[in-house]
Each structure stands twice: as C-alpha cells, then as structure tokens.
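Our numbering puts the sequence shown at residues -2 to 376.
Idealized CB from N, CA, C, for every residue including glycine.
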Amino acid sequence: MKNLSAIRKQFPFTKNIIYFNHAAYGPIPLNSLKETLKYYHTLTHRLDQSTEHHSFELLDKIREIIAELINSSTDEIALTFNTSYGLNIAASGLDFKAGEEILLSDCEFPANVYPWMNLREKGVKIKFIKSENGFFSIENFIKSITSKTKLLSLSFVQFFNGYKNDLEQIGKICRKNGIIFVVDGIQGVGSSVLDVKKNQIDFLSCGGQKWLLSVPGTGFFFCSKKFLNKLKLSFFGWLGVDWKVDFTDLLRYNLKPFTSARRFEIGSYSYSNLRTFYASLKLLEKIGIPKIQRQNLALLDRLVDYLEDSPYQIKSSLEPKHRSSIFSFSAKNGKKLYEKLIKNKIIVSYREGLIRLSPHFYNTTSEIDQLIRILQKNQ
C-alpha cells in the first residue's frame, strides 16, 4: 500500500505493539482524536451560534460517506449508537403475527439474537439454521424456509471464524420467498466491500467501534426505502421531525416524522463521538474499501502459506468469496498460545477455542512475519 509509513503515523502504538484485533476494537487514528479534541476545545473556549449549525452539517456529511460506503441513499441512513440499537429498531418496528418465523444462524453473535428472541412474547417462533463446520449453510437455510418464514437476520461476516456470507445469493433467495433480509454488518463494513442494493438487503445495522475505527457509541442503521414508511416508530423523539434547524419556534407540536431514516434519530447526539466517527470515515474513504480489502487479504495470505504446512489447523474458509479480514486457526493448548502472543505484544483474540486475527490496512508483512516466528517456535 502506498504511503504506508505515513498512514502508520496515525497509529502511534505501532511502535510498541502489533495489533491484529480489529474484530474486537478498532484503534482511533491520531487525526480522529485531534478532531474530537478540537470540538471539546470549542465547547470550552469558543461557543457561539455557529456551533449548533456546524454540528448538524456534520451529521449530513457522515450520512453521505456511509451511504457511499454501502451504496445506498442518504435518506436510508440513520445514525445510531451500536449494532444492537439498529437491530432493535427493525425488530420492534416490524409487524409480526403469532406463528410467524424468524430464521437465525446457530453461529450468530448474541447482538443479532436477543433482539429477535424478544419477539417470542408475541408468539413469534425463532428457528436456528444449522451451520456446517461453523459456516452458514445456504442449503440448510433453504430447507428451513416455510410458508410462515417472515425474516432472516444474518451477519455479513461471522465473528469467530471470519466466514463472509454470500449476501447476493442469500438476498435473491429471500426476495424469491418474500423474506425480509436483515444484516449485522459490524464485522465486515470498513474492511470488505458491501452493496446493499446488489444484495437486496432490507435492513443493515453496524457499530462504528471496530473496522470503522471509531469509538463505542457510534454506528448507523440502513433502512431500505420500501420499508421507511412501513416500519413502526416504537419510540419517537423531537429530533425525529424536521425543524429545518430552526429552533426559534419550538412550541409547535404538529410536525411530522422525517420521511427519511432520520425519523429513527430520536434525541440529542454525541457530537464528540460523531466527530471521531467522521474523521475515521474520511480516512477509510480516502484509501478506499476495495484497496483495504485487498491489503488485508494479502497480509493473511502470507500467514496461510505458513499455516498450510504447519501443525496448526485453519478454521476459516479459503474460498475467495467467503474470505474476510478475520482469520482463525486452532492449536494445541490454544489458550496458552494466545497468552504467549499477548505477552509478546501481538494482540489477537481467543474466540470459541480459536486464535483469531483481524488485521487492518496499516498492518505490515513484517508484523505477520513476527507472528509466524512465534508460531514456529511454538510448534
């Protein structure tokens, strides 16, 4: 990647540690931190009427970048606090009848399970699709469909083994069978190319604190246009209506909800967090997600070349269309190996008995080589 040394200056910790853990938490680039501190400085030293106006402009800019990132319109983007929040907007806003079925993978992260399980009190049935070797099975998905199947909610990328689902094929199956298609995007958006239109996704929710290099408390919810007026507002706030940034006449209570996804933004925003989010999104936009995807896979290719002839067992798919920036393998005494890597300042995760790596665009081949050397010594 060009200008890699300049990019790495945005992540000062790279002088001391090797960070392969973006599937857990993404670091904050230096420029993102500076933008956030500027905002706090303004609140402390230079408050005026323009502060409020500029803050609303910021929200529009964030929605524009996100829309470009996933190939949607800005009207389909609501700013949220995390993945769970967006999934709950969909779960609580859709009209479910007793006996209708929701399909989930049996390998889902809990954030994409509990919002749907909450609907059991309405008589909705939750069915788990059996995975194959930890991978989502389209064949088993098709077998699970009945006349009562209402919705499928699925991760873009599986959290513990990095399996990237074929959203295009799954979206076609959903459309053919009249099934609402919901996607948890947090483990792929920012590191893998995603097109909500091409994949016929109805709803997508994503937190900003992983691959998007933001802080907890940031994220977005995509609601396709066909559902904007169908999704019930389970909760409703004063910023869900169009004041046109004119707060001089607030004693009007007859305003209608936005016709856009902004109707789901119910109250005051965390502008400090959103400034971090915006600056990080600008960095990702500048580099480009296709380039980031290629870079991350190239780094993992180097590790795969070693692991294929080693005692370790690869647990991630090597099929190109199912590969992501998350990669997992198993080892004898895996927990001890994990602890050894941490001790050597190589930061990874230990998930479901697997060593999980999740490098990002600023990581280097030399960092992968340092990991391989430790693995070789541990054989």
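### Query
Could you give the C-beta distance for Asp181 and Thr80, rounded to a whole number, given that I count them as a contact under 8 Å?
Locating residue 181 in the sequence shown gives position 184, counting from the first residue. Locating residue 80 in the sequence shown gives position 83, counting from the first residue. Right, the Cβ-Cβ distance comes to about 6 Å (below 8 Å), so this counts as a contact.
#### Entry: Continuous beta strand (DSSP E) stretch holding Ala75: start and end
For this step, residue 75 is matched to residue 78 along the sequence shown. Ile74 to Thr77 is the extent of the beta strand (DSSP E) around Ala75.
### Message
Do Leu278 and Asn28 count as a contact pair if the criterion is CB distance below 9 Å?
### Response
Taking the sequence shown and counting its residues from 1, the one referred to as residue 28 is at position 31. Taking the sequence shown and counting its residues from 1, the one referred to as residue 278 is at position 281. In this structure, Leu278 does not lie closer than 9 Å to Asn28 by Cβ.
#### Entry: Leu101 - DSSP class collapsed to helix/strand/coil
On the sequence shown, residue 101 is found 104 positions in, with the first residue counted as 1. Correct three-state label for Leu101: strand.
### Query
Under the three-state reduction of DSSP, which class applies to Tyr308: helix, strand or coil?
Your numbering for residue 308 matches position 311 in the sequence shown. Reading off the sequence shown, one finds Pro at residue 308, where the question assumed Tyr. Three-state DSSP puts Pro308 in coil, outside helix and strand.
### Task
Answer with buried or exposed for Trp208, where buried requires no fewer than 16 other C-beta atoms within 10 angstroms of its C-beta.
In the sequence shown, counting from the first residue as 1, residue 208 sits at position 211. Trp208 should be labelled buried.
### Task
Starting from Phe224, follow its DSSP beta bridges and name the residues at the other end.
In the sequence shown, counting from the first residue as 1, residue 224 sits at position 227. DSSP, once it has assigned bridges, lists no residue as partnering Phe224.
### Query
Where does the unbroken alpha helix (DSSP H) through Asp246 begin, and where does it stop?
As a working mapping, residue 246 is identified with position 249 in the sequence shown. Here Asp246 belongs to no alpha helix (DSSP H), and DSSP marks it neither H nor E.
### Segment contact flag, the region 63 to 74 with the region 86 to 94, C-beta cutoff 8 Å, min 3 pairs
no
#### Entry: Rounded straight-line distance, which links the Cα of Ile4 to that of Thr33
For the purposes of this step, residue 33 is taken as the residue at position 36 of the sequence shown. For the purposes of this step, residue 4 is taken as the residue at position 7 of the sequence shown. Their Cα atoms are separated by approximately 19 Å.
### Message
Alpha carbons only, please: which of Pro356, Ile74, Lys374 and Phe326 is nearest the one belonging to Thr11?
### Response
Within the sequence shown, residue 11 is the residue found at index 14, counting from 1. Ranking the options by Cα distance to Thr11, first place goes to Pro356.
### Message
Measuring straight from C-alpha to C-alpha, what distance separates Ile352 and Gly331?
### Response
Counting from 1 along the sequence shown, the entry for residue 352 is found at position 355. Counting from 1 along the sequence shown, the entry for residue 331 is found at position 334. Going from the Cα of Ile352 to the Cα of Gly331 covers about 7 Å.
### Message
Please return the same chain residues whose Cβ sits closer than 7 Å to the Cβ of Pro287, not counting the five positions on each side in sequence.
### Response
To locate residue 287, count along the sequence shown from 1; it is residue 290. Closer than 7 Å at Cβ, skipping near neighbours: Val190.
### Query
By DSSP, does Tyr16 sit in helix, in strand, or in coil?
For this step, residue 16 is matched to residue 19 along the sequence shown. It is a strand residue.
### Message
Taking 6 Å as the limit between beta carbons, can you name the residues of its chain near Gly205, skipping five residues before and five after?
### Response
Translated into the one-based positions of the sequence shown, residue 205 becomes position 208. So the list reads Ser211, Thr215, Gly216 and Phe274, once near-sequence residues are dropped.
### Message
Can you look up Ile55 in the DSSP assignment and give me helix, strand or coil?
### Response
As a position in the sequence shown, residue 55 is number 58, starting the count at 1. Contrary to the premise, residue 55 reads as Leu rather than Ile in this sequence. In this structure, Leu55 counts as helix in the three-state DSSP scheme.
### Query
How many Å lie between Ile170 and Arg272 at the Cα?
Indexing the sequence shown from 1 puts residue 170 at position 173. Indexing the sequence shown from 1 puts residue 272 at position 275. If you take the alpha carbons of Ile170 and Arg272, they lie about 39 Å apart.
### Task
Spell out the partners DSSP gives Pro254 in its beta bridges.
Within the sequence shown, residue 254 is the residue found at index 257, counting from 1. Partner(s): Val238.
### Query
Shortest alpha-carbon distance to Ala95 belongs to which of Leu101, Pro317, Lys122 and Pro112?
What you label residue 95 is simply residue 98 of the sequence shown in a count that begins at 1. When only C-alpha atoms are compared, the closest one is Lys122.
### Task
Could you tell me how far apart the beta carbons of Phe224 and Gln292 are, in whole angstroms, since I believe they sit closer than 8 Å?
Translated into positions along the sequence shown, residue 224 becomes position 227. Translated into positions along the sequence shown, residue 292 becomes position 295. Between Gln292 and Phe224 the Cβ distance is about 35 Å, and since that is not below 8 Å, they are no contact.
### Query
From the DSSP output, which residues share a beta bridge with Thr146?
In the sequence shown, residue 146 corresponds to position 149, counting from 1. In DSSP, Thr146 forms a bridge with Glu98.
### Task
List the endpoints of the continuous beta strand (DSSP E) containing Arg353.
Here residue 353 corresponds to residue number 356 of the sequence shown, with the count starting at 1. Arg353 -> beta strand (DSSP E) spans Leu351 to Leu354.
### Query
Would Asn18 pass as a contact of Ser231 if the rule is Cβ separation under 9 Å?
Counting from 1 along the sequence shown, the entry for residue 18 is found at position 21. Counting from 1 along the sequence shown, the entry for residue 231 is found at position 234. In this structure, Ser231 does not lie closer than 9 Å to Asn18 by Cβ.
### Query
Residues bridged to Cys203 by DSSP?
Within the sequence shown, residue 203 is the residue found at index 206, counting from 1. Per DSSP, the beta-bridge partners of Cys203 are Phe217.
#### Entry: Which residues DSSP lists as bridging Ser152, in chain order
Here the question's residue 152 lines up with position 155 in the sequence shown. DSSP output for Ser152 lists Asp181 as bridge partner(s).
### Query
Is the beta carbon of Gly234 sitting closer than 9 Å to the one on Ile198?
Taking the sequence shown and counting its residues from 1, the one referred to as residue 234 is at position 237. Taking the sequence shown and counting its residues from 1, the one referred to as residue 198 is at position 201. Cβ atoms of Gly234 and Ile198: not closer than 9 Å.
### Query
Can the beta-carbon of Lys140 be found less than 9 Å from the beta-carbon of Ile176?
Within the sequence shown, the letter at position 143 stands for residue 140. Within the sequence shown, the letter at position 179 stands for residue 176. It is not a contact, given that the beta carbons lie outside the stated cut-off.
### Message
Which residue wins for smallest C-alpha separation from Leu294, given the options Gln166, Lys161, Ser202 and Phe261?
### Response
For this step, residue 294 is matched to residue 297 along the sequence shown. Measuring from the Cα of Leu294, the nearest candidate turns out to be Lys161.
### Query
Of the residues Ser307, Arg320 and Glu129, which one's Cα is nearest the Cα of Lys329?
Position 332 of the sequence shown, counted from the first residue, corresponds to residue 329. The option with the nearest alpha carbon to Lys329 is Ser307.
### Message
Using a Cβ-Cβ cutoff of less than 6 Å, which residues in the same chain neighbour Leu368 once the five nearest sequence positions on both sides are dropped?
### Response
Numbered from its first residue, the sequence shown carries residue 368 at position 371. So the qualifying residues of the chain are Ile343.
### Message
Am I right that Phe125 and Leu101 are in contact with their C-beta atoms under 8 Å? What's the rounded C-beta distance?
### Response
In the sequence shown, the residue the question calls residue 125 occupies position 128. In the sequence shown, the residue the question calls residue 101 occupies position 104. Sure, about 6 Å apart at Cβ, within 8 Å.
#### Entry: Segments assigned beta strand (DSSP E), at least 3 residues, entirely inside the region 311 to 336
324 to 327
### Query
Based on the DSSP output, what are the partners of Val186 in its beta bridges?
Start at 1 with the first residue of the sequence shown, and residue 186 comes out as number 189. Paired residue(s): Ser189.
### Query
Could you give the residue range of the alpha helix (DSSP H) that holds Arg5?
Looking up residue 5 in the sequence shown gives position 8. Taken as a continuous stretch (DSSP letters only), the alpha helix (DSSP H) holding Arg5 covers Leu1 to Arg5.
### Query
For Gly159 versus Ser313, is the C-beta spacing smaller than 9 Å?
By one-based count along the sequence shown, residue 159 stands at place 162. By one-based count along the sequence shown, residue 313 stands at place 316. Yes, the pair counts as a contact, with Cβ atoms nearer than the cut-off.
#### Entry: Ser346, DSSP secondary structure in three states
Within the sequence shown, numbered from 1, the residue matching residue 346 stands at position 349. Strand.
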